[in-house]
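*Asks:* Got a structure for you, written out below as structure tokens; questions coming shortly.
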Amino acid sequence: MIIALDGPAASGKGTLAKKIAGQFGLPHLDTGLLYRAVARGVLDRGADPGDTAAAAAVAAALDVAALDEDRLRGAEMGEAASRVAAIPAVRAALFDLQRAFAARPGGAVLDGRDIGTVICPDATVKIFVTATPEVRAERRYRELQGRGESIAFADVLADIRRRDARDSSRTAAPLAAAADAHLLDTTTLDIDAAFQTALGIIGRR
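Written out as structure tokens, the structure reads:
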């Protein structure tokens, strides 16, 4: 069973994916971390996240087992990851890695921007998780505050809108709901309600 969750930043798809994976005893891959890791590698080299050659080189050598999630979180990394994710060569380099993870015996849960449309178009269940930009910005704002980052809400909202525009308009695997995806709007749902709704979708499928 392959479960694909897609959606924009801070929609709740990552938290949902983790809970769903735990519910069914399946491995989980947050594909956004892959792009954050590429961005981190590019920055560590002293290059710009928009540097196609540098980003492609880091993506080609990426080791999933060596991902350091603590270094990959934060506002700076989110913006940098969105930039490298728009580079076709980076997406191509990470394609096989994601497909191999999904092909594990028994299945897997993957969340990202193009799981149901590009990585796993034949996924057993596809869920597109969304919420209004304002609600998503509030969630991300609280998350960043919890990490000790000092940032204004207006800046978080502007970043959310900027990433939405970039993710939806890029030429390589733009953010979009698959035609057969189930829409899950979490604007008015807490995580428990969203989780129960997702389980209902999976159960019906």
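For the sequence shown, the tail end lands on 554 under my numbering, and the numbers increase by one without skipping. Where is the CB? At the ideal position from N, CA and C, for every residue including glycine.
Please name the residue, chosen from T481, G371, R448 and D412, that lies closest to L533 on a Cα-to-Cα basis.
*Replies:* Your numbering for residue 533 matches position 184 in the sequence shown. Comparing Cα-Cα distances from L533 to each of T481, G371, R448 and D412, the minimum goes to T481.
*Asks:* Is the distance from the Cβ of D460 to the Cβ of L354 below 9 Å?
*Replies:* Translated into the one-based positions of the sequence shown, residue 460 becomes position 111. Translated into the one-based positions of the sequence shown, residue 354 becomes position 5. In contact: D460 and L354 (Cβ atoms closer than 9 Å).
*Asks:* Contact criterion: CB-CB distance below 9 Å. Does A503 meet it with respect to chain B?
*Replies:* The structure shown contains no chain B; it holds only a single protein chain.
*Asks:* For S431, which residues from the same chain have a beta carbon less than 7 Å from its beta carbon, with the 5 sequence-adjacent residues on both sides left out?
*Replies:* To locate residue 431, count along the sequence shown from 1; it is residue 82. These residues qualify, in order along the chain: R512, R515 and D516.
*Asks:* Under 8 Å by Cβ, that's how I've got A522 and D471 pegged, so tell me the actual separation to the nearest angstrom.
*Replies:* Start at 1 with the first residue of the sequence shown, and residue 522 comes out as number 173. Start at 1 with the first residue of the sequence shown, and residue 471 comes out as number 122. No, A522 and D471 are not in contact; Cβ-Cβ is about 16 Å, not under 8 Å.
*Asks:* Return the first residue and the last residue of the beta strand (DSSP E) that V458 is part of.
*Replies:* As a working mapping, residue 458 is identified with position 109 in the sequence shown. From DSSP, the beta strand (DSSP E) with V458 extends over A457 to G461.
*Asks:* Pull up the CB-CB distance for V387 and D400, whole angstroms please, since I reckon it's below 8 Å.
*Replies:* Numbered from its first residue, the sequence shown carries residue 387 at position 38. Numbered from its first residue, the sequence shown carries residue 400 at position 51. About 11 Å separates the two Cβ atoms, so there is no contact after all.
*Asks:* If we count the other Cβ atoms within 10 Å of its Cβ and call it buried at 16 or more, is M426 buried or exposed?
*Replies:* On the sequence shown, position 77 is the one that residue 426 refers to. Burial call: buried.
*Asks:* Would you mind listing the alpha helix (DSSP H) stretches within the segment 385 to 426 that are 4+ residues and don't spill past its ends, in chain order?
*Replies:* Runs of the alpha helix (DSSP H) inside the segment 385 to 426: 401 to 409.
*Asks:* Locate the beta strand (DSSP E) running through L533, then write down its first and last residues.
*Replies:* Residue 533 sits at position 184 when you count from the first residue of the sequence shown. First-last of the beta strand (DSSP E) with L533: H531 to D534.
*Asks:* Helix, strand or coil for T546? Go by DSSP, reduced to three states.
*Replies:* Taking the sequence shown and counting its residues from 1, one reaches residue 546 at position 197. The answer is helix: DSSP assigns T546 an H, G or I state.
*Asks:* Would you kindly work out how many angstroms separate the C-alpha atoms of L493 and G381, rounded to a whole number?
*Replies:* Locating residue 493 in the sequence shown gives position 144, counting from the first residue. Locating residue 381 in the sequence shown gives position 32, counting from the first residue. Taking the straight line joining both Cα atoms gives about 17 Å.
*Asks:* Report buried or exposed for I351, applying the criterion of at least 16 other Cβ atoms within 10 angstroms of its Cβ.
*Replies:* Your numbering for residue 351 matches position 2 in the sequence shown. Buried is the call here.
*Asks:* Considering just the uninterrupted stretch of the alpha helix (DSSP H) at T364, what are its terminal residues?
*Replies:* The sequence position of residue 364 within the sequence shown is 15, counting from 1. First-last of the alpha helix (DSSP H) with T364: K362 to F373.
*Asks:* Rounding to the nearest angstrom, what Cα-Cα distance links I476 and A530 in this structure?
*Replies:* Locating residue 476 in the sequence shown gives position 127, where the first residue counts as 1. Locating residue 530 in the sequence shown gives position 181, where the first residue counts as 1. Taking the straight line from one Cα to the other gives about 5 Å.
*Asks:* Where DSSP assigns a beta bridge to V433, which residues make up the other side?
*Replies:* The residue you call residue 433 lines up with position 84 of the sequence shown. Answer is none; V433 lacks a bridge partner.
*Asks:* Name, in chain order, the residues that DSSP records as bridge partners for F477.
*Replies:* Against the sequence shown, residue 477 aligns to sequence position 128. Answer is D355 and L532.
*Asks:* Once DSSP output is grouped into helix, strand and coil, what is the label at L538?
*Replies:* The residue you call residue 538 lines up with position 189 of the sequence shown. In the structure shown, L538 sits in coil (DSSP, three-state: anything other than H, G, I, E or B).
*Asks:* Return the CA-CA distance between A441 and Y384, expressed in angstroms with no decimal places.
*Replies:* Taking the sequence shown and counting its residues from 1, one reaches residue 441 at position 92. Taking the sequence shown and counting its residues from 1, one reaches residue 384 at position 35. Distance between the alpha carbons of A441 and Y384: 12 Å.
*Asks:* From what residue to what residue does the beta strand (DSSP E) around L378 run?
*Replies:* Taking the first residue of the sequence shown as position 1, residue 378 is located at position 29. Element bounds for L378: H377 to D379.
*Asks:* Cα separation between A429 and A359?
*Replies:* By 1-based counting over the sequence shown, the position of residue 429 is 80. By 1-based counting over the sequence shown, the position of residue 359 is 10. A429 and A359: Cα-Cα distance of roughly 16 Å.
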